[in-house]
Structure formats: C-alpha cells, structure tokens
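Residue numbers (our numbering): 8 to 96.
Just so you know, even glycine gets a beta-carbon here, dropped at the ideal spot from N, CA and C.
None of these values were measured; they are calculated from a predicted model.
Here it is in structure tokens:
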C-alpha cells in the first residue's frame, strides 16, 4: 500500500471497548484466569478506547475486515511465537 501521506494514521478497531473488556478478551485468548484488583480511590480515567479510522479510509482506502478478537488472537499468537523462538536461541 503506497501513499504520499506523511502523518501518522490510526489503524485499529472502531469498536469501543473498556479496559475490563480488553482484559477479558486477552485473558480468554491466552487461556489465563485474571484476578482484577480495582483501586477505587484513584482517578477513573477514560470509559473505553477505540480507533477513529476515518482518515485512514480516506487516505489509504483501508478499513478493518476482522474483529477485534481475531486481530488480538493473531497478535497474541505472533508474540507467543516470537518469545518461544527467542527462548530457543
């Protein structure tokens, strides 16, 4: 994919997810049980995160074709493979 655009572009899921939801998704992919501990005396922060891909679609004609879960699973498996390969060397 080529473009003359020189500025950063957001690429990601436009689905709004909370940090709790993201933790649950990643824990499920990893096959791990996560115990969450909340510090209710601390600032709450943002309610969730998502990516605005409007500029990316305009500049590159790109829009996501896979779900957040599928993208995270592919990323997790890639990272897991990298760690295993590093440990073999």
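Could you tell me the distance, in whole angstroms, from the CA atom of residue i to the CA atom of residue j?
i: residue 51; j: residue 63; result: 30 Å
i: residue 80; j: residue 89; result: 14 Å
i: residue 41; j: residue 85; result: 21 Å
i: residue 4; j: residue 65; result: Here the chain comprises residues numbered 8 to 96, so residue 4 is not present and cannot be evaluated.
i: residue 36; j: residue 49; result: 29 Å
i: residue 29; j: residue 47; result: 19 Å
For the alpha helix (DSSP H) that residue i lies in, which residues bound it at each end?
i: residue 52; result: First-last for residue 52: undefined, no H or E at that position.
i: residue 98; result: The displayed coordinates of the chain run from 8 to 96. Any statement about residue 98 would go beyond what the structure contains.
i: residue 25; result: Here residue 25 belongs to no alpha helix (DSSP H), and DSSP marks it neither H nor E.
i: residue 72; result: Where residue 72 is concerned, there is no enclosing alpha helix (DSSP H), given that its DSSP letter is neither H nor E.
Among the candidates the options, whose CA atom is the shortest distance from the CA of residue i?
i: residue 21; options: 90, 91, 78, 87; result: 78
i: residue 69; options: 13, 19, 35, 11; result: 19
i: residue 26; options: 39, 13, 45, 9; result: 45
i: residue 74; options: 57, 47, 16; result: 57
i: residue 83; options: 17, 33, 9, 10; result: 33
i: residue 23; options: 59, 93, 39, 96; result: 59
i: residue 10; options: 72, 95, 67; result: 67
i: residue 61; options: 71, 55, 53; result: 71
Quick one: is the Cβ of residue i within less than 8 Å of any heavy atom of the ligand PLP?
i: residue 28; result: In the structure on display, the ligand PLP does not appear, and there are no ligands present to speak of.
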